[in-house]
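> Under the numbering used here, the first residue of the sequence shown carries the number 17, and numbering increases by one thereafter.
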Amino acid sequence: MQDRTAEGEGANGDEGGWFSEDTATFGDRLAAAREQLGLTQEGLARRLGVKHKTVRAWEDDMSEPRANKLQMMAGVLNVSIVWLLTGQGMGVDAPGTATEDLPGGPQDVAAILTEMRKLRADMVRAADRLGVLEKRLRTGGAQ
Numbered sequence: 017m018q019d020r021t022a023e024g025e026g027a028n029g030d031e032g033g034w035f036s037e038d039t040a041t042f043g044d045r046l047a048a049a050r051e052q053l054g055l056t057q058e059g060l061a062r063r064l065g066v067k068h069k070t071v072r073a074w075e076d077d078m079s080e081p082r083a084n085k086l087q088m089m090a091g092v093l094n095v096s097i098v099w100l101l102t103g104q105g106m107g108v109d110a111p112g113t114a115t116e117d118l119p120g121g122p123q124d125v126a127a128i129l130t131e132m133r134k135l136r137a138d139m140v141r142a143a144d145r146l147g148v149l150e151k152r153l154r155t156g157g158a159q
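1) Rounded to the nearest angstrom, how far is the Cβ of D77 from that of T39, given a contact under 8 Å?
2) So G107 and R154 are in contact, right, with Cβ under 8 Å, and what is the actual spacing, rounded?
3) Short check: CB of R63 to CB of V92, under 8 Å?
4) Leaving out the 5 sequence neighbours to the left and right, which residues in its chain are closer than 7 Å to G43 when beta-carbon positions are compared?
5) Excluding five sequence neighbours on each side, which residues of the same chain lie with their C-beta closer than 8 Å to the C-beta of N94?
6) My output table needs one value for E80: the three-state DSSP class, helix, strand or coil.
7) With DSSP collapsed to three states, give me the class of L55.
8) Please classify T102: is it buried, with 16 or more other beta-carbons within 10 angstroms of its beta-carbon, or exposed?
9) In terms of residue numbering, what span does the alpha helix (DSSP H) encompassing A73 cover?
Below is the structure:
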């Protein structure tokens, strides 16, 4: 994953980056992130709890996911929500860049991504718990 900002250059030296809003659609970025992880549309659909045709419609830019699915999608695909929507921020590498060039090789990258997924899940659980506690405080401690 790399930071693909609007100020950065894309794979072809174009301003805005390979997956920028000017160059790619939400569906393009979704498909690229899914393919980089080696997931099929069916596999992504299973992980998100939606039908295959729903993922196909998102990738074909026929519809867009709701906010809760977008958040879950970003977590499953290891990209930021902002990148999925705009192409800016943390997303997938442009085509032609290899993870084999990274120190430690693809195995280390996979281990890091696995740990990041676990941390993200822990953060979601912690945020949910914080919401419950805040609600209890607002209601005077009653459950």
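Beta carbons: idealized from backbone N, C-alpha and C, even for Gly.
Walking through what the data contain:
1) Incorrect: roughly 14 Å between the Cβ atoms, too far for contact.
2) Not a contact, Cβ separation roughly 37 Å.
3) yes
4) W74, E75, D76 and D77
5) M17, A49, L53, L129, M132 and R133
6) coil
7) coil
8) buried
9) H68 to E75
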